[in-house]
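> Handing you a structure now.
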Amino acid sequence: MPCKKCSKKAICSDFCRSHFVNYIENKVRKTIRKYKLFTKKDKIAVAVSGGKDSTVLLFILHKLGYNVTGITVDAKIGNYTKVNLENLREVCNKHEISLKEINFRDEFGYSLCYIRDVLKSKGYSYSSCTICGVLRRYLLNKYSKDFDLIATGHNLDDEAQAFLMNIFRNDVTVAKRQGPISGVGKTDKFIRRVKPLFTVKEKEVETYSKLHKFPVNYNECPCCIGAYRKNFKKILDEFEKNHPDVKYNVINFFMNSLYTENKQSKVNIGTCKNCGEPSSNDKCKVCIILDNLNKE
C-alpha cells in the first residue's frame, strides 16, 4: 500500500517512513497545544522507565525544543530493570539529556520483589503492579518538586484500557482522573501530570521507536504476569481488527463526558500525617504499605 502523502511504501498508519515520523511528532505537538499541557518556558520532568513509550516521549519532547529532564525510578527487578537503566543512560548520553536516577532500595530499603513477597507471606494480597505503581508515583512526585510538571508515556491504548477497567470496577472517581491532564493542578504538594502521547496508538509508538533504533526492551515486565489490564488489552485489540476506530471511540466517549465533568470539579489534597507527602487520607498508601511490611 502506498503512503497517503507520496508514492513510497506505507509502513504504519498509511504513511511511509519519513511521513510517519512527521505524523507522530505532529500528533504530539497538537495534543500539547490542544490541551495546553505546557510551554517552552516550563521545566518538564519526563518519567522514563527504559521502555518504548517513555523513551519515545523523552526523545520527541527534546527534539521539539522543550526543557526536559528524564527521571527514572528503578524498582530493582533483577536484570530487567538493570538493562532498562543502561538503555536509558545510552539514550540520554547520546542526545545530551539530563537523567535523574532513583531506586526502591535506596528509598525504601528493599526491592519490589522482596516487598511483594514479604507482604504476601503476611497475608496481604497486593499485586506487584499495585505496589510498584503506588511507590513509583510517590517517588516521582517527591523528586519532581523543582519541576513545573511530570510528563508520562501513557499512550492511547493505555488510556482506553484504563477507562474500561474502571467501568468494570464501577469506579467513576478513578475514571474521572484520567485524560491528557490527570490529578489536580500544581501545588506545593502535588506536581501536575500530563500525557503528550494521549492520542498515539501503542503500535505507532513501537514503530517510531524501532525506526529510530532506540535501545529499549520490548518485553513485558516479568512481574506483571496475570495483570488485570491484560484482559482489556486483549478485548480492545480483538475488536480493533474489525473496528479500527474502537480505541479512539472509547477515548472520545470519555473526553466528551467524564473528562469535562472532572475539569469542573475541585479536588482537595491533604497531607499524610506520617511522611508529609500529598494524600487524600490521614495516611498515604505508601505509608500503609510500609507499615504492613514492617509489622511483626
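The letter at position 137 of the sequence shown is residue 137 when you use my numbering, and the numbering goes up by one with no holes. Glycine included, C-beta positions come from ideal geometry on N, C-alpha and C.
(1) What does the Cβ neighbour count give for T199, buried or exposed, with the cut at 16 atoms within 10 Å?
(2) Buried or exposed: R33, going by 16 or more other Cβ atoms within 10 Å of its Cβ?
(3) Please report the straight-line C-alpha distance between H62 and I44, rounded to a whole angstrom.
(4) For S257, is the classification buried or exposed, using 16 other Cβ atoms within 10 angstroms of its Cβ as the cut-off for buried?
(5) Assign E296 to buried or exposed, taking buried as 16 or more other Cβ atoms, counted over all protein chains shown, within 10 Å of its Cβ.
(6) Compute the Euclidean distance between the alpha carbons of F104 and D14, then round it to the nearest angstrom.
(7) Quick one: any contact between the segment 150-167 and the segment 87-98, if contact means 3 or more CB pairs under 8 Å?
(8) Run through DSSP, which three-state label would S209 get?
(9) Relative to the C-alpha of N67, which candidate in C224, L57, S182, A160 has its C-alpha closest?
(10) Does the segment 5-24 come close enough to the segment 165-175 that 3 or more CB-CB pairs lie under 8 Å?
(11) According to DSSP, is G51 helix, strand or coil?
(12) Under the DSSP definition of a beta bridge, which residues are partnered with G70?
(13) May I ask you to report which of helix, strand or coil DSSP gives I60?
(14) Determine which residues share a DSSP beta bridge with G270 and list them.
(15) Among the residues of its own chain, which have a CB less than 6 Å from the CB of Q264, if the five just before and after it don't count?
(16) Given a cut-off of 9 Å on the beta-carbon distance, is the pair L140 and S128 in contact?
(17) So E82 and N292 are supposed to be a Cβ contact under 8 Å. How far apart are they, rounded?
(18) Using the DSSP secondary-structure output, state which residues sit across from S182 in a beta bridge.
(19) Helix, strand or coil for F15? Go by DSSP, reduced to three states.
(20) Buried or exposed, going by whether 16 or more other CB atoms sit within 10 Å of the CB of H154?
(21) Considering just the uninterrupted stretch of the alpha helix (DSSP H) at A151, what are its terminal residues?
(22) I'd like to confirm the pairing. Which residues does DSSP put opposite P244 in its beta bridges?
(23) On the DSSP letters alone, give me the boundaries of the alpha helix (DSSP H) that L37 sits inside.
(24) Report buried or exposed for F20, applying the criterion of at least 16 other Cβ atoms within 10 angstroms of its Cβ.
(25) Does K120 come out as helix, strand or coil in the three-state DSSP assignment?
(26) Roughly how many whole angstroms lie between the Cα atoms of E206 and L99?
Taking the definition as stated:
(1) Around the beta carbon of T199, a 10 Å sphere encloses 16 or more other beta carbons of the protein chains shown; the residue is thus reported as buried.
(2) Burial is judged here by how many other beta carbons sit within 10 angstroms of a residue's own beta carbon; R33 has fewer than 16 and is exposed.
(3) If you take the alpha carbons of H62 and I44, they lie about 10 Å apart.
(4) Here S257 is exposed, its C-beta having fewer than 16 other C-beta atoms within 10 Å.
(5) So E296 ends up on the exposed side.
(6) C-alpha of F104 to C-alpha of D14: approximately 42 Å in a straight line.
(7) Output reads no: the segment 87-98 does not touch the segment 150-167.
(8) DSSP places S209 in helix when its eight states are reduced to three.
(9) Cα-wise, what sits closest to N67 is L57.
(10) With the cut-off at 8 Å, the segment 165-175 and the segment 5-24 do not touch.
(11) In the three-state reduction of the DSSP assignment, G51 falls in the coil class.
(12) Beta-bridge pairing links G70 to V46, L99.
(13) Note: I60 maps to helix in three-state DSSP.
(14) DSSP output for G270 lists S279 as bridge partner(s).
(15) In this prediction, Q264 has a pLDDT of 47, which is less than 50 and means its spatial position is unreliable; nothing more can be read from the coordinates.
(16) Contact flag unset, no.
(17) The sequence shown places Lys at residue 82, not Glu. Not a contact, Cβ separation roughly 28 Å.
(18) R193, per the DSSP bridge assignment.
(19) Here F15 sits in strand by DSSP.
(20) If you draw a 10 Å sphere on the C-beta of H154, you find 16 or more other C-beta atoms in it, and that means buried.
(21) From DSSP, A151 is part of no alpha helix (DSSP H) but of the beta strand (DSSP E) over 149-151.
(22) Looking at the DSSP assignment, P244 forms no beta bridge with any residue, so it has no partner.
(23) Segment: none, L37 is in no alpha helix (DSSP H) and carries neither H nor E.
(24) With 16 or more Cβ atoms within 10 Å of its Cβ, F20 is classed as buried.
(25) K120: helix per DSSP, three-state reduction.
(26) So the alpha carbons of these two residues sit roughly 22 Å apart.
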